[in-house]
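What follows is one structure encoded as structure tokens, with my remarks underneath.
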Amino acid sequence: MPDFVLDYRPLWAVLITLVAAGLILVTGRWPNLREAVTGAAALGKFAIVVSMLPAVLSGQVLETVPLNLVSGLTLHLRVDPFGLLFALVASGLWMVTSMYSVGYMRTLGYGHQTGYFASFAVCLSATMGIAFAANLITFVIFYEILTIATYPLVIHMRTPEAISGGRKYLAYTLIAGQFLVVAVIWTHLIAPGAGFQPGGFLAGKASAAVLQVLFFFFIVGTGVKAAIMPLHGWLPTAMVAPTPVSALLHAVAVVKAGAFGVIRVVGYVYGPQLLGDIGLGTVLAWLAGFTIIVASVLALAEGNLKRRLAFSTVGQLSYVVLGGALGHPVALLGGIFHIVAHAFMKITLFFCAGAIYATTHKEKVSEMDGLGRQMPVTMGAFTLGSIGIVGGPLIVGFVSKWHLLVGAAKGGQEVFILVLAASALLTTGYFFPVVYRAYFGQPEEGGRVREAVPFLLIPLGVTALLSVVLGVFSNIGLNFFQLATMAATSIVSGGVGPAGGIQ
Amino acid sequence: MTEHTPALIVLVPLVSALLLPILALVSKVLARGWTLVALLGTHAGSVSTLIYVLANGRWHYYLGGWAPPWGIEYVLDPLGAGMATLVSFLALLVAFYSGPYLKDAAPLKTGSFYALFLLVTAGLLGMVVTGDVFNLFVFLEISALATYGLVAMGGHRATVAAFRYLIVGTIGATFYLLGIGYLYAVTGTLNMADLAERIMPLLNSQAVVVAVALILAGFGIKMALFPLHGWLPDTYAYAPAPVTTFISAVMGKVAIYVLYRVFYFILGGTGPVLPALTVLGWAGAVGILAGSLMAIAQRDFWRMLAYSSIAQMGYIAVGLSLGNMMGITGALLHILNHAVVKGGLFMVAGGVFWRTGIRDIPSFIQMSRRMPMSMAVFVAAALSMIGIPPTVGFFSKWYLVLASIEASAWPFVIVIVVSSLLNAVYFFRIIENSYLRFRTAEEDEVAVGGTELPATMLVPMVVLGVAVFMLGVLSGEVVTNIISFALPWGTQ
């Protein structure tokens, strides 16, 4: 049995950014002070989240006192290895993104910056709430808050294009939210007051037919944010948002909240065993496989760099879903670790796209000729990120994909090895032209070096470097690999489980 | 004094109403001050009564010392006292809010406004505290007649709306009177507790069946249950803003309170009540969709809110009709939610109109710049209408969906979910206009200047805006400590 410890740090992790959002609104008139608030909140939040790491690694589960919300259901935060993994990624990358945001928004002279930074802070609070939610109602509350808090960021540019993108975003996410609410209420009736439990709690509680329909509701509810096809339509459109938003929210926090939700449902509500019994694991795996292939094909056809990255995100998120769906412990580990891996690589790529746009105002792939000579650092980072997404060794993406492959092979589902291989080829297909043009194309205005400002350059350098470091030493620093292992083990064995037990 | 509180919370506004026209001739400030003090006292009385009955159980008060069945009895239980608290709180806020609205009005008009307003309040409070079905009719008429007068104060189009409301409303009241006539004919009593006892063996007699149908029709009209809602949009759209705010926030709620009281507490929720509840539920469900769709079709902000009210009353009707614990809990929480939210929304609508003369939705462009606080309240209320956590609207819908699934009433689940999305459509249209769109140059010339509202109007709406979140986070406490005692099975 895991060791449950009463601790209010998860609550502070949620609240610190809410308070910061208020302060940001108050200090809006003094931009430097306002950005200082963001920075302090980012550091503080990360410190709080990291401070919980040793306890969780030693097998403890930290939780707050439940607050009675509605009959028999409570607002309850709990830190387990899986939640902490997500919280570490989101809060850690928020620090870099905050720095990048300042550089990006100021370089391009965007307006409404107070609202921008405040909404960003609220989004991070909601993300922490999602990561630390101990039961479905807490999850759904923060999930919906995240939906609304992201809206001002999507429509930030206030252009007709942004407004219609915002509408599309809301239409998808609000409808999904309703599905999720119904699913959660239904679950509450089937298993009153149940919290997330490694290995699931629904087995034997209702007939297979009911559980299948319920699962459909859950997958629509979480699948929109996880951009499982055909529920992905909002994501490429949402790229009208400023690049830091695309980088952190549409590559890390919001979309990963969806993927995180899928894993929570698969691993902590149903459990791989039950999913296999009612025949849904395979369905979900095929859905994920379909998304991986089709999204990669669509990315090939996309000429706008950010939109190409968005389609790439659609495909990569389904790696996480696939890991959950295959049900084999190693695949599960791969899927969970891909939350970390994809976050570092994709944020690097978006940072690069943003740096290119802020410096040269280029956003089409066809305009990238010769950029490798003008912006060597940026394009270097971009190249590293691309190789990582393809699955090249020594970069973090390799670790997760390797485990997915092994899991698919061990689970006897060899067909998904083909899917993963085909996807790697397609991914090369859509990243290679960018890299090729950058290094071998002829620049229009000569080969002068014109790099991005340091505020943009440092964050993208840091994330690119971390992608490589984590690719070589996957457990270094914040013990991501160990956390992922603990989460996967607990889902399979039904307890929080010891570290490193997967063979 | 304290042992007479149940009578005082009705008598204080009633007697003050009689004094006000005279006071207003002396000084408008005095009239306003008196109104506020009277309502503050009434609210304090309601709150203390609520606290008392939650601790000590039901409070029977014999008016004039005459014991029932000869005298009239006031019965305060958690339900009645809770409703009284809600009504008196909204009355206090609206009276505070209406100050700037009446700044330029003649003393006589100010006096009659406050007098009629206090009469409405007294009537509504009387309806929720009385334990006598005929006395309830009397208070119903007091509040209704005063409302017709208040609506008519909105100018010449309002007079037509008020006249229509008068005719339809009187028909509704007459239905109710006929209904209790039948009940009196078979039981020989008008006291609610007495009725509840004597009616049980007669529950399936034709007289009771007719009575149930008549009462449902009567209060169906009063609460604007679809398809009996025809009077509502014009009334809400043309009445003065404080009046619309008050009647939209609490009047329909008191009407549905009476249905709840009669169906569940007097008739026990069985027999002929069951088909009546089925009708109520389906009419509510159709009303939810029809009201939301009509709201989307409106160009006028006030009318949009009016149709949205028809939809929201449908939620309460659906919850009551389900008849299970969660359904009624959801309905009662939604009464609270909608009172706070719609009150806040009409305060914003009224404030915007008062300051800028704008009420059609396309003209809301850049309103967030001109009136940031008001629009922030609007956003909070809109989120609650859509049902986004942690607003209270999320939790009332939660209970309603929970109850519908529990009762396997899947059509209701679909209706509630779809309607949330329709709400999002029409509320986000205004959010888009006021926050995201910019004017063209020529529109700017037409635009009237305007800044934020005076504090007198702003404070009540901010109170409601904050309440949307507070009640949401604390909804568990509200349900456990108050609403669970207001269920037909939960009373001591």
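Residue numbers (the working numbering), protein chains in the order written: chain A, 0 to 502; chain B, 7 to 498.
Ideal Cβ positions, reconstructed from N, Cα and C, are used throughout, including at glycine.
Because the structure is a prediction, the values reported are computed rather than measured.
Notebook entry, point to check: If we ignore side chains and look at the alpha-carbon of each, how far apart do A:T96 and B:V59 end up?
Noted result: Working through the first sequence from its first residue, we reach residue 96 of chain A at position 97. Working through the second sequence from its first residue, we reach residue 59 of chain B at position 53. The straight-line gap from Cα to Cα measures roughly 55 Å.
Next item on the list: Alpha carbon to alpha carbon, how far is B:H340 from B:Y432? Give it in angstroms, no decimals.
Entry: Sequence index remark: in the second sequence, residue 432 of chain B carries index 426 (1-based). Sequence index remark: in the second sequence, residue 340 of chain B carries index 334 (1-based). Each residue's alpha carbon lies about 20 Å from the other.
Next item on the list: Just the C-alpha distance for B:D306 and B:I371, rounded to the nearest angstrom, thanks.
Entry: Here residue 306 of chain B corresponds to residue number 300 of the second sequence, with the count starting at 1. Here residue 371 of chain B corresponds to residue number 365 of the second sequence, with the count starting at 1. Using only the alpha carbons, I get a separation of about 14 Å.
Next item on the list: Please name the residue in A:G232, A:F259 and A:K204 whose C-alpha comes closest to that of A:L273.
Entry: In the first sequence, counting from the first residue as 1, residue 273 of chain A sits at position 274. The residue with the shortest Cα to Cα distance from A:L273 is A:K204.
Check: What residue does the beta strand (DSSP E) around B:H66 start on, and which one ends it?
Finding: Reading the second sequence from its first residue, position 60 is the one you call residue 66 of chain B. W65 to Y68 is the extent of the beta strand (DSSP E) around B:H66.
Notebook entry, point to check: Are A:A544 and A:A354 close, meaning C-beta to C-beta below 9 Å?
Noted result: Nothing in the structure corresponds to residue 544 of chain A, since chain A is present only between 0 and 502.
Next item on the list: Show which residues of chain A have a CB atom less than 8 Å away from the CB atom of B:P329.
Entry: For the purposes of this step, residue 329 of chain B is taken as the residue at position 323 of the second sequence. Inspection of the sequence shows that residue 329 of chain B is occupied by Gly rather than by Pro. Simply none; closest approach about 17 Å.
Check: Does any C-beta atom of chain B lie closer than 9 Å to the C-beta of A:L403?
Finding: As a working note, residue 403 of chain A is residue 404 in the first sequence. Not one chain B Cβ lies under 9 Å of A:L403.
Margin query: Cβ closer than 7 Å: which chain A residues qualify as neighbours of B:P396?
Written below: Position 390 of the second sequence, counting from 1, holds the residue named residue 396 of chain B. The contacting residues are I140.
Check: Going by other Cβ atoms of all chains shown within 10 Å of its Cβ, with 16 needed for buried, is A:S90 buried or exposed?
Finding: Numbered from its first residue, the first sequence carries residue 90 of chain A at position 91. By the 10 Å Cβ count, A:S90 comes out buried.
Margin query: Counting only Cβ-Cβ distances shorter than 7 Å, please list the residues of the stretch 422–440 of chain B near chain A, keeping chain order.
Written below: V423, S426, L427, A430, F434 and E438
Check: Between B:E451 and B:D240, what straight-line distance do the alpha-carbon atoms span, to the nearest angstrom?
Finding: Taking the second sequence and counting its residues from 1, the one referred to as residue 451 of chain B is at position 445. Taking the second sequence and counting its residues from 1, the one referred to as residue 240 of chain B is at position 234. Model confidence at B:E451 stands at a pLDDT of 47, short of 50, so the residue's coordinates are unreliable; what they give is reported in the following sentence. Cα to Cα, B:E451 sits roughly 31 Å from B:D240.
Margin query: Taking the alpha carbon of A:Y318 as the reference point, which residue from A:T106, A:F310, A:I338 and A:L455 has its own alpha carbon closest?
Written below: Position 319 of the first sequence, counting from 1, holds the residue named residue 318 of chain A. Nearest of A:T106, A:F310, A:I338 and A:L455 to A:Y318, Cα basis: A:I338.
Margin query: Quick check on this structure: which residue in B:L470, B:S254, B:A247 and B:L286 has the alpha carbon closest to the alpha carbon of B:Y266?
Written below: Against the second sequence, residue 266 of chain B aligns to sequence position 260. Looking at the Cα atoms, B:L286 is the closest of the given residues.
Check: Just checking my contact of A:F383 with A:V467 at CB under 8 Å: how many whole Å lie between their CB atoms?
Finding: What you label residue 383 of chain A is simply residue 384 of the first sequence in a count that begins at 1. What you label residue 467 of chain A is simply residue 468 of the first sequence in a count that begins at 1. Contrary to the premise, residue 383 of chain A reads as Leu rather than Phe in this sequence. The Cβ separation is near 6 Å, so the contact holds.
Note to self: Short of 8 Å Cβ to Cβ, which residues in the stretch 181–210 of chain A face chain B?
What the structure shows: Flagged, chain order: V181, I184, W185, H187 and L188.
Next item on the list: Please determine, among B:T250, B:F181 and B:N210, the residue with the shortest C-alpha to C-alpha distance to B:L220.
Entry: On the second sequence, position 214 is the one that residue 220 of chain B refers to. Among B:T250, B:F181 and B:N210, the Cα nearest to that of B:L220 belongs to B:F181.
Item checked: Minimum C-alpha distance to B:A111 - residue among B:M159, B:I148 and B:L238 -> The residue given as residue 111 of chain B occupies position 105 in the second sequence. Among B:M159, B:I148 and B:L238, the Cα nearest to that of B:A111 belongs to B:M159.
Note to self: Check whether chain B comes within 9 Å of A:L52, counting only Cβ atoms and requiring the distance to be less than that.
What the structure shows: Your numbering for residue 52 of chain A matches position 53 in the first sequence. With 9 Å as the cut-off, A:L52 does not count as an interface residue toward chain B.
Next item on the list: State the DSSP-derived secondary structure class of A:Q196, mapped to helix, strand or coil.
Entry: Sequence index remark: in the first sequence, residue 196 of chain A carries index 197 (1-based). Three-state result, A:Q196: coil.
Next item on the list: Would you mind stating whether A:P271 and A:V4 have Cβ atoms separated by less than 9 Å?
Entry: Residue numbering aside, residue 271 of chain A sits at position 272 when the first sequence is read from its first letter. Residue numbering aside, residue 4 of chain A sits at position 5 when the first sequence is read from its first letter. Not closer than 9 Å, so no.
Item checked: Neighbouring residues, chain B, relative to A:Q177 (Cβ below 7 Å) -> As a first step, residue 177 of chain A must be located in the first sequence, where it is residue number 178. Neighbours of A:Q177 on chain B, chain order: V423, S426 and L427.
Next item on the list: In angstroms with no decimal places, state the Cα-to-Cα distance between A:L17 and A:A41.
Entry: For the purposes of this step, residue 17 of chain A is taken as residue 18 along the first sequence, with counting starting at 1. For the purposes of this step, residue 41 of chain A is taken as residue 42 along the first sequence, with counting starting at 1. Each residue's Cα considered, the two are about 12 Å apart.
Next item on the list: Within its chain, find whatever has a CB closer than 8 Å to the CB of A:E62; leave out the 5 residues flanking it on each side and keep chain order.
Entry: Sequence index remark: in the first sequence, residue 62 of chain A carries index 63 (1-based). Contacts found: F3, V4, L5, D6, P9, H75, L76, R77, V78 and A133.
Check: What is the DSSP secondary structure of A:K224, counted as helix, strand or coil?
Finding: The residue labelled residue 224 of chain A in the question sits at position 225 within the first sequence. If DSSP states are grouped into helix, strand and coil, A:K224 belongs with coil.
Check: Cβ atoms of A:L56 and A:Q481: under 9 Å apart, would you say?
Finding: The residue labelled residue 481 of chain A in the question sits at position 482 within the first sequence. The residue labelled residue 56 of chain A in the question sits at position 57 within the first sequence. The answer is yes: Cβ separation under 9 Å.
Notebook entry, point to check: Name the DSSP bridge partner or partners of B:A289?
Noted result: Walking along the second sequence from the start, residue 289 of chain B turns up at place 283. The partner list for B:A289 (beta bridge, DSSP) is empty, contrary to what the question assumes.
Next item on the list: Out of B:A430, B:V421, B:M379 and B:P460, state which residue places its alpha-carbon closest to the alpha-carbon of B:V472.
Entry: Looking up residue 472 of chain B in the second sequence gives position 466. The option with the nearest alpha carbon to B:V472 is B:M379.
Next item on the list: Hey, could you find the ends of the beta strand (DSSP E) A:F3 is sitting in?
Entry: In the first sequence, the residue the question calls residue 3 of chain A occupies position 4. Start and end: D2 to L5.
Next item on the list: Closer than 9 Å by beta-carbon distance: list the chain B residues that pair up with A:I154, in chain order.
Entry: For the purposes of this step, residue 154 of chain A is taken as residue 155 along the first sequence, with counting starting at 1. In chain order: E438, Y441 and L442.
Item checked: For A:D79: DSSP bridge partner residues -> Reading the first sequence from its first residue, position 80 is the one you call residue 79 of chain A. Partner(s): none; A:D79 has no beta bridge.
Checklist line | Neighbour-count burial assignment, B:V166, 16 or more Cβ in a 10 Å radius | finding: As a first step, residue 166 of chain B is located in the second sequence; it is residue number 160 there, counting from the start. Under this definition B:V166 is an exposed residue.
Note to self: Would A:Y171 and A:W93 be called neighbours here (beta carbons separated by less than 9 Å)?
What the structure shows: Working through the first sequence from its first residue, we reach residue 171 of chain A at position 172. Working through the first sequence from its first residue, we reach residue 93 of chain A at position 94. Not closer than 9 Å, so no.
Next item on the list: Within 10 angstroms of the Cβ of B:L406, are there 16 or more other Cβ atoms? Answer buried if so, exposed if not.
Entry: What you label residue 406 of chain B is simply residue 400 of the second sequence in a count that begins at 1. Buried.
Notebook entry, point to check: Around the C-beta of A:L417, are 16 or more other C-beta atoms found within 10 angstroms, so that it is buried, or is it exposed?
Noted result: Numbered from its first residue, the first sequence carries residue 417 of chain A at position 418. Burial call: exposed.
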